[in-house]
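Chains A and B, in that order, give the protein sequences. Those letters in the first sequence? Residues 1 to 164, per my numbering, in order. Those letters in the second sequence? Residues 1 to 155, per my numbering, in order. Encoded as structure tokens, the structure appears first; notes follow it.
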Amino acid sequence: MVNRCLKPARFRFIFPDFVKGKIVVMNYIFTNCPDICPLSTNNMRLIQEKLKREKVDNVQFVSLSFDPENDIPEVLRKFAGVRNLDLSNWTLLTGDKSVTDAVIKKVGVMAVPNDSTVFKSGRKIYYFIHTDRIQLIDVEGKTRKNYKGSTINVDEIVADIKKL
Amino acid sequence: MKRELLIIIALIFTFNLITLAQQKSNNYGIQIQKGWARPAVKYSNSALYFVIENRGSKIDTLIGAQSKVAEELEVHESFKIDNDRMGMRPAGKVAINPNSEFEFKPGGFHLMLLGVLKDLNIGDKIEAVLILKYAGKIKVQAEVRDMQMTKEMKQ
Chain A
1 MVNRCLKPAR FRFIFPDFVK GKIVVMNYIF TNCPDICPLS TNNMRLIQEK LKREKVDNVQ
61 FVSLSFDPEN DIPEVLRKFA GVRNLDLSNW TLLTGDKSVT DAVIKKVGVM AVPNDSTVFK
121 SGRKIYYFIH TDRIQLIDVE GKTRKNYKGS TINVDEIVAD IKKL
Chain B
1 MKRELLIIIA LIFTFNLITL AQQKSNNYGI QIQKGWARPA VKYSNSALYF VIENRGSKID
61 TLIGAQSKVA EELEVHESFK IDNDRMGMRP AGKVAINPNS EFEFKPGGFH LMLLGVLKDL
121 NIGDKIEAVL ILKYAGKIKV QAEVRDMQMT KEMKQ
């Protein structure tokens, strides 16, 4: 797994080292998704803002693309930029498809290409049937709770984080 | 002078066309409200949301849409497979019943802006034209924003 969105010139393996000793709030996205993934991403932002207001730190946010062939680092960087995401404790990840597939399988997230659109230029994009998930992982790397990403109760996950 | 006259005639012609379109829409009782769209990077996808009100006495159908901000526009629908998994599919035409409103909203029906031709940043204003079977072309104006799903939308 590599993070190449912030420093494209210096590719390096950083997962899970950069989350070591931290609580992780993670969601699973593809950037061509116009409806559900933006809701999940916006909810991640609301969680991040609430934690900052309540001065809860030691939390790292991670968004993993399950469509790495499209979601190259530059695409993820722009996806974050156009939404003004605060990347001070939020990392967007991509990587080789075999690796991202292995990660989502390990955590029980499903993402299967379904319908597609072919543009006049011949460019083809897929829409995925996918698990709509925000996941809370403790400092030992164990999943503590799964939430529905698009409709998560922000107060609930913030209360859960405070208990860890 | 001649050029200025031509510009004035063109403006009057355009104004009349817009007025005619509005009158035509009003005759059928169709109104579009509460338009907004999601941020998107150039060549990626956005979604346009709005409410279509049909205050007329007969059913109308949304049969297409156009916009200069995207390569293509399609009506899509997000759908639940089970409590945990979601998908999205093209939804084709959408019937708008008389004396009712139909909301294009997060997690449901939305107008896909496929392959946007420029970055859509928060605060930008965009336009699209909805094509209805009877009411014809109706303009929808939308602000780009990241909006959370409300309790009402979750139902």
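Backbone N, C-alpha and C define an ideal beta-carbon position, used for all residues, glycine too. Quantities reported herein were computed from a predicted structural model and do not represent experimental measurements.
Who are the neighbours of Asn32 of chain A on chain B, taking C-beta pairs under 7 Å?
As a working note, residue 32 of chain A is residue 32 in the first sequence. Chain B residues near Asn32 of chain A: Ser44, Asn45.
Buried or exposed, going by whether 16 or more other CB atoms sit within 10 Å of the CB of Pro39 of chain B?
Taking the second sequence and counting its residues from 1, one reaches residue 39 of chain B at position 39. Pro39 of chain B is buried by the Cβ-count criterion.
Would you decide whether Asn83 of chain B is buried or exposed? Buried here means 16 or more other CB atoms lie within 10 Å of its CB.
Reading the second sequence from its first residue, position 83 is the one you call residue 83 of chain B. Its Cβ having fewer than 16 others within 10 Å, Asn83 of chain B is exposed.
Bridge partners for Ile125 of chain A per DSSP, in chain order?
The count along the first sequence starts at 1 and reaches residue 125 of chain A at position 125. Partner(s): A:Thr117.
How far does the alpha helix (DSSP H) with Asn43 of chain A in it extend, from its first residue to its last?
Translated into the one-based positions of the first sequence, residue 43 of chain A becomes position 43. Run containing Asn43 of chain A: 36 to 53, per the alpha helix (DSSP H) assignment.
Counting contacts by CB-CB distance shorter than 7 Å, is Thr143 of chain A in contact with chain B?
Within the first sequence, numbered from 1, the residue matching residue 143 of chain A stands at position 143. So no, Thr143 of chain A is outside the interface.
Best match in B:Ser44, B:Gly29, B:Asn45, B:Phe50 for proximity to Gly35 of chain B [C-alpha to C-alpha]:
Taking the second sequence and counting its residues from 1, one reaches residue 35 of chain B at position 35. Checked all of B:Ser44, B:Gly29, B:Asn45, B:Phe50; the closest Cα to Gly35 of chain B is B:Phe50.
What's the gap between the Cα of Gly56 of chain B and the Cα of Gln33 of chain B?
What you label residue 56 of chain B is simply residue 56 of the second sequence in a count that begins at 1. What you label residue 33 of chain B is simply residue 33 of the second sequence in a count that begins at 1. Each residue's Cα considered, the two are about 16 Å apart.
Under the DSSP definition of a beta bridge, which residues are partnered with Tyr28 of chain A?
Numbered from 1 along the first sequence, position 28 holds the residue referred to as residue 28 of chain A. Per DSSP, A:Leu64.
Verify the CB distance criterion: does Asp146 of chain B have a CB-CB separation below 7 Å to chain A?
As a first step, residue 146 of chain B must be located in the second sequence, where it is residue number 146. Chain A, which has a Cβ nearer than 7 Å to the Cβ of Asp146 of chain B, makes this yes.
Proximity to Asn153 of chain A [Cα-Cα], best of A:Phe61, A:Arg133, A:Gly141
In the first sequence, the residue the question calls residue 153 of chain A occupies position 153. It is A:Arg133.
Do you know whose CA, among B:Glu4, B:Ile30, B:Ser46, lies nearest Asn121 of chain B's CA?
Residue 121 of chain B sits at position 121 when you count from the first residue of the second sequence. That would be B:Ser46, whose Cα lies nearest to the Cα of Asn121 of chain B.
Cut-off 8 Å between Cβ atoms - residues of its own chain near Ile63 of chain B, not counting five sequence neighbours on either side
Indexing the second sequence from 1 puts residue 63 of chain B at position 63. Closer than 8 Å at the Cβ level, and outside the excluded window around Ile63 of chain B, lie Lys93, Ile131, Leu132, Lys133.
Ser150 of chain A: which of A:Gly21, A:Met44, A:Lys162 sits nearest, CA to CA?
Sequence index remark: in the first sequence, residue 150 of chain A carries index 150 (1-based). Nearest C-alpha to Ser150 of chain A: A:Met44.
Here's a check: name, in chain order, each residue in its chain whose Cβ is nearer than 6 Å to the Cβ of Asp71 of chain A, leaving out the five neighbours to either side.
Along the first sequence, one-based indexing puts residue 71 of chain A at 71. The residues are Thr31, Ser65, Thr94.
Taking buried to mean at least 16 other C-beta atoms within 10 Å of its own C-beta, is Gly123 of chain B buried or exposed?
Reading the second sequence from its first residue, position 123 is the one you call residue 123 of chain B. Under this definition Gly123 of chain B is an exposed residue.
Taking the CB atoms as reference points, tell me whether Ala37 of chain B and Val144 of chain B lie closer together than 7 Å.
Here residue 37 of chain B corresponds to residue number 37 of the second sequence, with the count starting at 1. Here residue 144 of chain B corresponds to residue number 144 of the second sequence, with the count starting at 1. Cβ distance < 7 Å, so Ala37 of chain B and Val144 of chain B count as in contact.
Report the CB separation of Lys97 of chain A from Glu69 of chain A in whole angstroms; it is logged as a contact under 8 Å.
Translated into positions along the first sequence, residue 97 of chain A becomes position 97. Translated into positions along the first sequence, residue 69 of chain A becomes position 69. That pair is a contact at about 6 Å.
Got a sec? Which residues, its chain only, sit under 8 Å from Phe145 of chain A by beta carbon, not counting five neighbours each side?
The count along the first sequence starts at 1 and reaches residue 145 of chain A at position 145. It is Lys, not Phe, that sits at residue 145 of chain A in the sequence shown. These residues qualify, in order along the chain: Gln135, Leu136, Ile157, Asp160.
Please list, in chain order, all residues of the same chain as Val112 of chain A whose beta carbon is under 7 Å from its beta carbon, the five residues on each side excluded.
Along the first sequence, one-based indexing puts residue 112 of chain A at 112. Same-chain partners within the cutoff: Phe128, Ile129.
Own chain, CB closer than 8 Å to Leu51 of chain A, minus 5 neighbours either side, in chain order:
If you number the first sequence from 1, residue 51 of chain A lands on position 51. The residues are Asp57, Val59, Val158, Ile161.
Would you say Asp86 of chain A lies against chain D (beta-carbon separation less than 7 Å)?
The structure shown has no chain D; the protein chains it does contain are A and B.
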